[in-house]
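Chemist:
Numbering (the working numbering), first residue to last: 15 to 152.
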């Protein structure tokens with residue numbers, strides 16, 4: 015009964031999302047659909063699977079195609095070193111680049127995808143990888 019209430023609150027009223035994630039423990043497909051319905055990421059295609067433990071540091075700059083499966087990974091669109099440069103040298107620069115994940119891509123556990131990366135259609139990214147350059151299709 016409580017699971018049904020949490021599910022309804024999260025999916026239809028955009029409330030209690032953290033409780034829904036913690037107690038209902040949606041599978042990857044349900045969580046991806048929740049994120050897609052609520053516009054939590056710039057674009058999420060159809061039939062995706064996203065683990066609830068996936069971290070989107072800059073979701074407004076992340077584009078995900080159809081049938082994408084994301085394990086517990088982290089997607090970072092900004093360069094954190096710019097804050098250090100600002101504090102040390104007073105340089106005000108901003109480096110924010112999008113992440114594009116095309117259709118039929120699998121990203122494994124513990125992967126870090128950095129900004130400016132495009133992952134081509136039909137690619138598989140192995141567990142523990144750090145992507146800082148684009149991956150060709152296939």
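Quick reminder that beta carbons are idealized off the backbone N, C-alpha and C, glycines included.
Note that this is a predicted model, so its numbers are computed, not measured.
Who are the Cβ neighbours of residue 46 in its own chain at under 7 angstroms, not counting the five residues just before and after it?
Modeler: Along the chain shown, one-based indexing puts residue 46 at 32. Closer than 7 angstroms at the Cβ level, and outside the excluded window around residue 46, lie 58, 62, 63 and 64.
Chemist: So which of 102, 101 and 115 has the shortest CA-CA distance to residue 147?
Modeler: Sequence index remark: in the chain shown, residue 147 carries index 133 (1-based). Among 102, 101 and 115, the Cα nearest to that of residue 147 belongs to 115.
Chemist: In whole angstroms, give me the CA-to-CA distance for residue 126 and residue 142.
Modeler: Position 112 of the chain shown, counting from 1, holds the residue named residue 126. Position 128 of the chain shown, counting from 1, holds the residue named residue 142. Using only the alpha carbons, I get a separation of about 8 angstroms.
Chemist: List the whole-angstrom C-beta distance separating residue 119 from residue 71, where the pair is believed to meet the contact cut-off of C-beta under 8 angstroms.
Modeler: By one-based count along the chain shown, residue 119 stands at place 105. By one-based count along the chain shown, residue 71 stands at place 57. About 19 angstroms separates the two Cβ atoms, so there is no contact after all.
Chemist: When you compare only the Cα positions, how much space is there between residue 39 and residue 66?
Modeler: Here the question's residue 39 lines up with position 25 in the chain shown. Here the question's residue 66 lines up with position 52 in the chain shown. For residue 39 and residue 66, the distance between alpha carbons rounds to 8 angstroms.
Chemist: If I measure Cβ to Cβ from residue 80 and keep anything under 8 angstroms in the same chain, skipping five residues before and after, which residues do I get?
Modeler: The residue given as residue 80 occupies position 66 in the chain shown. 59, 60, 61, 62, 117 and 118.
Chemist: Straight-line CA distance for residue 69 to residue 138?
Modeler: Taking the first residue of the chain shown as position 1, residue 69 is located at position 55. Taking the first residue of the chain shown as position 1, residue 138 is located at position 124. C-alpha separation (whole angstroms): 19 angstroms.
Chemist: Tell me, please, which residues DSSP counts as bridged to residue 36.
Modeler: Residue numbering aside, residue 36 sits at position 22 when the chain shown is read from its first letter. Note: residue 36 sits in no beta bridge, so no partner.
Chemist: Does the beta-carbon distance from residue 112 to residue 134 come in below 8 angstroms?
Modeler: Residue 112 sits at position 98 when you count from the first residue of the chain shown. Residue 134 sits at position 120 when you count from the first residue of the chain shown. No, Cβ-Cβ distance for residue 112 and residue 134 is not below 8 angstroms.
Chemist: Would you mind working out which of 85, 105, 86 and 136 sits nearest residue 152, comparing C-alpha positions?
Modeler: Here residue 152 refers to the residue found at position 138 when the chain shown is read from its first residue. Taking only the C-alpha atoms, the option nearest residue 152 is 136.
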